[in-house]
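The next block holds one structure in the form of C-alpha cells; read it before the comments.
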Amino acid sequence: MLEGNGMFEQEQQAIEQRIRSHCAENGLPDPGSLNWSPIPFGGEWGISTSFFQLAAAHSRLLKEQTGQGVNVPQHAQEIASQVASALGAPAGFARVEALNGYLNLYYERAEFVRRVVDTILAEGDHFGRGEPKGERVMVEYAQPNALHSFHIGHYRNTILGEVLARLVEFAGFETIRASYPGDLGLGVITVLWIYQKFYQGQEPAEVHARGQWLLKLYVEATRLLEKKEGETPEQTAQREAYDAERRELYRRWDDGDPQVYELWHRLREWSMEELRDILRIMGIKIDVWFFESEVDESAKAIVEELIARGIADDERPSGGAVIVKIDEKLGLTKEKYRTNVILRGDGTTLYLTKDLALAKVKFEQYHVDRSIYVVDVRQSMHLQQAFKILELWGFKQAEKCYHLGYGFVSLPEGAMSARRGRIVLFKDVFDEAERRVLAEIAHKNPDMPQDQRQLVAQQVGLGALAYAMLSVDNNKDIVFDVEAALNFDGHTGPYIQNAYVRANSILKKAGIPLPEQAAFDYTLSSHEVQMIDLISRFPGMVQQAANEYRPLLIATYAYDLANTFHSLYHAVPVLQAETEPIRLARLRLVAAARQTIENALRLLSIAAPEVM
RNA sequence: GCCCCUGUAGCUCAAUGGACAGAGCAGCAGCCUUCUAAGCUGUUGGUUGUGGGUUCGAGUCCCGCCAGGGGCGCCA
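As numbered in our numbering, residues 63 to 674 make up the first sequence, in order.
Spelled out as C-alpha cells, the structure:
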C-alpha cells in the first residue's frame, strides 16, 4: 500500500537514522521529526527536508553557551552540506544535494517509476485507498426542506456532502450517509393550506413537475398571506381570514388529525420522489433517512431531563419558554454561545430541540464515533449551541460532532428568493447542461453513436456542474453564474474527463493487451517525470483531504493530474514511440495515469466517460 | 454591542510557516494530414485590504484598523 512517502519508506527511514547520528556525532541538537516534502523543481523529483529549524535551535544553544549565535540560513546550508557528504550515495537514491539550507534526495528514476506504475496497476480501483481505521463516521447532508424544490444551493450541499463521504470512506473510515429532510413547520403547513383550499385533487404527472409545483404553490400562498402596503380593508380581512385558516390547519396537524396527516404525507412524498430522482441522477445512495417529525417526541423528553437537571430554565409559568443560558452554564463571562430557546411556550419543539435528539440517535443507535454535519455556515451558531448543550447535558460524544459549514450560493442578481421567483433549480441547470453537451458532441464528435450521446451528455454535464461547486473552498460563498458553471474549457470538470478519455483512446488504439511489465530505464522526458510524481502522491492527498474535510484538495489535484496528462499527451508520443520497449513502458504509464484520474474523479463524484 | 467568515492578477479562484505567490477566464501570438483541438505552446498581468508584532523565514500565526458578507430567545 502506497501512503504518503511510503513507497520509499525503508530508504527514507535509513536516511533519517543517519541524519540523527550525524547530528549526535557533531554536537548538533536532535532534529526532531524531519518534515519531508516533495522536491518542488519541475523536471526532477525526490524528497526534501530543510535544516532551518535545526540551525535556529543550534544557534540558540550556542548563544546560551558562548553568548554568540550564528547566521541561521547560512548555518542551515552548512548542516545540509555536511549531511549530504556524510550520506554519500544512499541506497534507492540517485543523487544527494544541499541547496539553500535544504537537503534534496533525488530518486533512482527507473526504480521509482517501476514501483509507482506497478503499484497503481496492481491496485486498480483501490489505488489510494487508506488502511481501515476502525472508526465509524456519519456524514449528514442532502437535507432540503420538504415541499420546496431542489435548487442549486441544495445541490452544493449535496455534492459537498457526498464527496466528503466518499473521501472519508476511501481514506479508510466506515461511513454512513444520512439525510435529514425538514418536513415540519409553518412553511410546510402553508403549502398544505393552499393546496387544500384551491388545488385539491390536482397533481402534475411528471415527478419533477410535481415537486416544482409545490414550490410554486408556496410562492403563491406566501403572496396571499403576506401583508402588503396600502391594502384595502377588504384585502386585510381576506388575508387575515386566510392566515386564520392556516393556523387552524397547523393546530389540526399538531393534534394528529388523520385527514391532515394523509395530505401531509402525500405531498411530502411528492417532494421525496423528486429528491430521490435527483439523488439517482447524482449517483447518491443515502443509507439513513431521518425526518424531523420522527425525533419530535424524544426531543421533548430531553427537554424535561434538561429542566430536571437544572440545565434548562422553564420560564413558561411566567409566560415565557424553556431556555438554556449556555454561556452562564458554561461559566463564560463574555457572550459567545448566548441563550437559546429549546421549547416554545406552547410546548412544541424547535429545530434546536430536534438536533439534540438526533445527535443522541446517531451515537446511541448507529454507534458512530464521529458525526459530521454538512450544513450552511449561517447555521453555525445554531449547531455550536446544540453541541454545547449536549456537552452541558454530559453527552461526551459532543466533542465528536463537527460542523462542516459552507458558504451560501447566490445569483448574480442577488440572494436566491423563492418568493420573488428568483431561484435556480438544479433540474433546470442539469437539463441545460445536457443540451449544451449534446450540441458540443454534435459539433466535435459527430461520429459518436446516437445511443451513447445521452449518457455522455449526462456525465459531462454533471461533471461540469460538480466541479464548479467543488473547485471553490467550502467556506467561501459562490455566486452561481450558469455560463461559468457550464463552461467546458480550462479549469473545469470536462477538462479532467477529457484527459481520461484521451488516455483511454491511446490504450484502445494500441490494439494489444496492456503489457504485464515494462522497464523505465530509458531517458524520461520531464513530462513523464511530472506525471509519475503526481500519481505517486494520490494516496497522501486522499489522507490529507479526508483529515481536513476538504474536497477542494482532491478537486485541485485532479485538475493537476489532467493538466499534466494533457501536456504529456501533446509532447510525448506513445504509440509512435522511438522503440518497442519505450512504447510498452509508456503504455503502462498512460494506464497508470488513467487509473489515477479515474479514482480521483470517482472521489469527486464525477463520471469517467469512455468517450466524449 | 457581541460572535463567525472573507479580502491574493481586470474577473473567478489556488497556495502542510519554507525555495522565484500559481491556475483558469478575459487579452495577445502561434499549433489540427501525427494517440480526440472539450487540447497544447508562448506572452501580458501582483506593494497578497492596511499598520504593527512573533519568527532564520509570514499570503499563512498574534494584535489593531478598513471594507464586504453572515449570525445573535419561542424560523428552519
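A virtual CB, placed ideally from N, CA and C, is assigned to each residue, including glycine.
Taking a contact to mean a Cβ-Cβ separation below 8 Å, would you say residue i touches residue j in this structure?
i      : j      : result
Gly108 : Val604 : no
Ile256 : Leu279 : yes
Arg272 : Glu282 : no
Val439 : Tyr468 : yes
Asp245 : Arg330 : yes
Ala287 : Val250 : Looking at the sequence provided, one finds Leu at residue 287 rather than Ala. No, the Cβ-Cβ distance between Leu287 and Val250 is not below 8 Å.
Val436 : Phe542 : no
Leu222 : Met531 : yes
Ala419 : Ala361 : yes
Tyr611 : Leu226 : yes
Phe488 : His84  : no
Val22  : Ala233 : Given a span of 63 to 674 for the chain in the structure shown, any question on residue 22 remains unanswerable.
Leu649 : Val634 : no
Leu527 : Ala547 : yes
Ile141 : Phe113 : yes
Ala655 : Leu183 : no
Thr61  : Ile343 : Residue 61 cannot be examined here, being either before or after the span of the chain that is shown, 63 to 674.
Leu124 : Gln115 : no
Leaving out the 5 sequence neighbours to the left and right, which residues in its chain are closer than 7 Å to residue i when beta-carbon positions are compared?
i      : result
Leu500 : Arg515 and Ala519
Gly525 : Gly555, Pro556, Gln559, Ile668 and Ala669
Arg406 : Ala383 and Leu412
Glu170 : Gly154, Phe155 and Ala156
Pro577 : Leu646, Leu649 and Arg650
Here's a check: name, in chain order, each residue in its chain whose Cβ is nearer than 6 Å to the Cβ of residue i, leaving out the five neighbours to either side.
i      : result
Asp535 : Leu614
His216 : Pro206
Leu663 : Ala670
Val158 : Ala146, Leu149 and Leu167
Ala624 : Tyr557, Ile558 and Ala561
Leu235 : The residue asked about is misnamed: residue 235 is Phe in this sequence, not Leu. Taken in chain order, the residues that qualify are Lys195, Glu197 and Val199.
Leu454 : Ile373 and Lys391
Ala639 : Arg645 and Arg648
Glu354 : Gly244, Asp245, Leu246 and Lys416
Please work out which residues of its chain come closer than 8 Å, Cβ to Cβ, to residue i, disregarding the five sequence neighbours upstream and downstream, and give them in chain order.
i      : result
Asn507 : Val673 and Met674
Glu65  : The pLDDT assigned to Glu65 is 37, lower than 50, so where the model puts this residue is not dependable; a value taken from the coordinates is nonetheless given after this. The residues are Gly192, Glu193, Pro601, Gly602 and Gln605.
Asn67  : Because the pLDDT of Asn67 is 41, which lies under 50, any placement of that residue in the model is unreliable, and the number read from its coordinates should be weighed accordingly. Around Asn67: Gln74, Trp98, Ile109 and Gly602.
Asn537 : Val439, Gly467, Tyr468 and Gly469
Asp37  : With the chain covering only 63 through 674, there is no way to say anything about residue 37.
Which one of the options has the shortest CA to CA distance from residue i?
i      : options                           : result
Ser588 : Gly215, Thr618, Phe627 and Lys462 : Phe627
Gly94  : Arg82, Thr395 and Trp332          : Arg82
Met593 : Leu666, Val179 and Glu173         : Val179
Lys289 : Arg301, Thr111 and Gln258         : Arg301
Gly89  : Gln127, Pro100 and Glu71          : Gln127
Arg309 : Tyr529, Tyr464 and Thr252         : Thr252
Phe492 : Gly483, Asp595 and His270         : His270
Ala119 : Arg285, Ser110, Gly407 and Ala138 : Ala138
Leu569 : Asn609, Val652 and Leu623         : Val652
Gly186 : Ala647, Pro643 and Ile597         : Ile597
Ser479 : Thr220, Ile364, Asp509 and Ser211 : Ser211
His327 : Leu254, Pro295, Glu293 and Leu487 : Leu254
Arg122 : Ile141, Pro91, Thr111 and Ala151  : Pro91
Leu666 : Thr585, Gln130 and Arg218         : Arg218
Met443 : Pro243, Asp417 and Arg338         : Asp417
Gln446 : Gln459, His465 and Gly456         : His465
Tyr304 : Pro320, Gly318, Arg285 and Glu291 : Arg285
Tyr399 : Gln441, Ser143, Glu173 and Gly345 : Gln441
Phe174 : Thr641, Tyr619 and Asp595         : Asp595
Pro243 : Tyr203, Ala267 and Glu224         : Tyr203
Trp275 : Arg342, Ser333, Glu291 and Lys347 : Ser333
Leu325 : Asp339, Glu268, Phe352 and Tyr261 : Tyr261
Val544 : Ala363, Ile388 and Glu475         : Glu475
Hey, residue i and residue j are a contact pair by Cβ (cut 8 Å); roughly how many whole angstroms apart?
i      : j      : result
Thr410 : Val386 : Actually they do not touch by this definition, with Cβ atoms about 17 Å apart.
Val591 : Gln559 : About 25 Å; that fails the 8 Å criterion.
Phe550 : Glu502 : 6 Å
Glu73  : Phe189 : Contact doesn't hold; Cβ gap of about 21 Å is too wide.
Ala477 : Ala580 : With 8 Å as the limit, Ala477 and Ala580 do not qualify as a contact, their Cβ atoms being about 56 Å apart.
Ala421 : Cys463 : 6 Å
Val365 : Ile404 : 6 Å
Leu337 : Val322 : Incorrect: roughly 22 Å between the Cβ atoms, too far for contact.
Arg80  : Phe582 : Contact flag wrong, Cβ pair sits at about 27 Å.
Legend entry - Stretch pair the region 130-143 + the region 152-169: three plus CB contacts closer than 8 Å: yes
Legend entry - Any 3 or more C-beta pairs closer than 8 Å across the region 653-661 and the region 559-571: yes
Legend entry - Given 8 Å, three or more beta-carbon pairs between the region 388-395 and the region 444-463: yes
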